[in-house]
Every structure is written in structure tokens, then in C-alpha cells.
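A short write-up of the structure that comes next.
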Amino acid sequence: MDWKIHRAILIAAIWIAEVLSAGICGFIAALALIPASYAARGYFAFGGEWLIVLGVTLLAFHVINNAFFGMLKHH
1 MDWKIHRAIL
11 IAAIWIAEVL
21 SAGICGFIAA
31 LALIPASYAA
41 RGYFAFGGEW
51 LIVLGVTLLA
61 FHVINNAFFG
71 MLKHH
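Just so you know, our numbering puts 48 at position 48 of the sequence shown, and the rest follows in order with no gaps.
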């Protein structure tokens, strides 16, 4: 196989791993926030807790991405 194909596969695998890791962090945040918001309101609604879940997911992706590529930069 050509090195360009190997490189593309590696980049795709890294991206998928980063997205899955960030998604798991967001899922854990949702597991904590959504039931607590539902209990406080008494009914299901889309409120600010969903923005917090989105923020946690995006922050996790940013941290994971910078940690991984920062590690590569120092080697």
C-alpha cells in the first residue's frame, strides 16, 4: 500500500478515537445532568443542561486533541 493511504487511515483512526473519547465524556456529563434537571423541573425539556453537555464534549475533544498532538510535537 502507498504511504499516503497509510497516512490517511492513521489520521482517520486517530480522529475516530478522539471523537469517541469526547463523546464518552459528553455521555457521562449527560448521565449526571439530564436526570438532575428533570428532577428539578418535574418534566422533560431542552434547557441549559444540554449546552453544558455540548460544552463538556467540545472541551474534552479540544483537550484530547491538544494532548495527543502536543505529545507528537515534543517527540
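Cβ coordinates follow ideal geometry from the N, Cα and C atoms, glycine included.
Taking C-alpha atoms, which residue in the options lies nearest to residue i?
i: W50; options: A67, F44, N66, A30; result: A30
i: A22; options: L72, H74, G70, N66; result: N66
i: F61; options: L20, S37, H74; result: L20
If contacts are defined as beta-carbon pairs under 8 Å, then residue i and residue j qualify, I think. What distance do you get, rounded to the angstrom?
i: I52; j: L33; result: 6 Å
Mapping the DSSP letters down to three states, classify residue i as helix, strand or coil.
i: H6; result: helix
i: F27; result: helix
Cutting at 8 Å between CB atoms, please list the residues of its own chain near residue i, excluding the five before and the five after it.
i: F68; result: I14, E18
i: L54; result: G26
i: I64; result: E18, S21, A22
Give every residue of the same chain whose Cβ lies closer than 7 Å to the Cβ of residue i, excluding the five residues on either side of it in the sequence, and list them in chain order.
i: S37; result: G47, E49
4-residue-minimum alpha helix (DSSP H) runs that sit fully inside the stretch 18-75, ordered along the chain: 48-73
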